[in-house]
Amino acid sequence: MGKFWLAVLTVVCIASTANGGERPFAEEWEIYRGFLIEPACGQSSDKAKCEVALDRWRRDFRWATDTSFHNQLIGQRNIALCLASSCDGVKPNQLLACAWAEVILNSGDPKISGEDVAFKQDTCASLSVGERKVASAQATRLLNMLTGSIQTAR
């Protein structure tokens with residue numbers, strides 16, 4: 528399967544339908560939990576390390592998606608970085624890393640820096656034109672979820 532179609536399949540599995548199929552935050556978390564290399568910590572050779580990775584990923588996801596968190600930008604940067612580089616046992620996904628980088632730049636946060644711009648350029652550079660379009664659509668969906676433009680269960 529080509530890189531583009533694999534990326535499309537990944538986003539199709541993640542994205543809500545265009546005709547109003549909203550994905551609640553709890554369901555969204557279940558998707559992102561799946562990006563852990565060893566989500567079943569009971570089967571991990573290093574259970575403590577696995578649990579730390581799961582806790583960090585859960586924390587970062589909550590920070591990234593919780594609009595009441597005092598600095599959502601930290602969580603969003605951590606999610607994008609982990610998806611780009613496989614930190615803390617997270618499976619890399621360049622397409623979603625690119626989408627989160629776009630979320631960061633379009634969030635309007637006054638703390639956005641040149642590093643955020645460079646990260647998006649670097650992260651999205653390896654994607655094809657089609658993959659960048661899919662990443663942009665995913666970023667739009669995430670921004671809509673974060674701003675309440677679609678209904679979510681909290």
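Counting in our numbering, the sequence shown runs without a single skipped number right up to 681 at its last residue.
All C-beta atoms, glycine included, are put in the ideal place defined by N, C-alpha and C.
With a cutoff of 9 Å on beta-carbon distance, LEU600 and ILE631 are scored as near each other.
For the segment 602-627, not one full-length beta strand (DSSP E) segment reaches 3 residues or more. Within 10 angstroms of the beta-carbon of GLN648 lie fewer than 16 other beta-carbons, which makes it exposed. Going by C-alpha positions, ASP582 is about 10 Å away from ARG560. In the DSSP annotation of this structure, the continuous segment of the alpha helix (DSSP H) that includes LEU673 starts and ends at 656-674.
Contact check for GLU629 against ALA666 passes: the beta carbons are separated by less than 9 Å. Membership of GLY641 in the alpha helix (DSSP H) is indicated by the continuous run 641-652. The criterion of a C-beta distance shorter than 9 Å is not satisfied by CYS625 and CYS609. DSSP, reduced to helix, strand and coil, places ASP587 within a helical segment of the structure shown. Of the candidates ASP573, LEU654, GLY635, PHE562, the residue whose Cα lies closest to the Cα of ASP587 is PHE562. Here LEU654 really is in contact with GLN621; their C-beta atoms are around 6 Å apart, less than 8 Å. A Cβ-Cβ distance of about 6 Å is found for the pair LEU673 and THR592, placing them in contact under the 8 Å criterion. A straight-line Cα-Cα distance of about 12 Å links LYS660 and LEU623.
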